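Oh and the sequence shown: position 13 is 85 in this note's numbering, straight run, nothing missing. Virtual Cβ for every residue (Gly too), placed ideally from N, Cα, C. No experiment lies behind these values; they were computed from the predicted model shown. Report on the following structure.
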Amino acid sequence: MSQETKAKLAPAIKEVLKKYGMKGTIGVKNHSTLVCNIKSGKIDLIGNMYDIAIKKPKSYYDKNKVKPTYMQVNEFSIKENYSETALDFMMDLKEAMNLGNHDNSDIQSDCFDIGWYLSINVGNWDKPYQYIN
């Protein structure tokens, strides 16, 4: 992942953020990962994920604990962890971040060939996600 590739993907990513009323930043980490840090928005991403997570039988989250204020999204289980508008937003964001990407990895031969990895962060440990009603 280069700065040039990030610059090419930025308009599509920003369009998704704007469409759903979200604010975030785009960056590159270790020349291999495209990062989107979502700072605030009109979708309660953490609440949506938490409500689904506590209903699962072996949930990491306890119903009596406080909801998290930030999280890192698992891009491979978006469909299982989000619903409604939050799901639509996450899927659109993932699609925009993956434009032009490839994954020719072969697990059996331990050969990984991927254009770039994705990292979607909602809030940060020192700056919680701001849900705007």
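Assignment of Ser74 by DSSP, reduced to helix, strand and coil, places it in the coil class. Looking at the DSSP output, Ile186 sits in a beta bridge with Asp175.
Ile126 sits in coil when the DSSP states are folded into three classes, being neither helix nor strand. For the set Lys111, Lys78, Ser104 and Lys86, the Cα lying nearest the Cα of Ile204 is the one of Lys111. Met73 and Pro200 have their C-alpha atoms roughly 27 Å apart.
Listed in chain order, the non-local C-beta contacts of Phe161 below 6 Å within the same chain comprise Tyr92 and Ile115, local neighbours out to five positions each way being set aside. Here the alpha carbon of Gly113 sits roughly 38 Å from the alpha carbon of Asp178. Between the alpha carbons of Ala79 and Asn146 lies a distance of about 24 Å. With a 10 Å radius around the Cβ and a threshold of 16 neighbouring Cβ atoms, Ile85 comes out buried. For the options Thr97, Ser155, Asp198 and Lys139, the alpha carbon positioned closest to that of Ser191 is the one of Thr97. Note that the C-beta distance between Asn120 and Ala168 is not below 7 Å.
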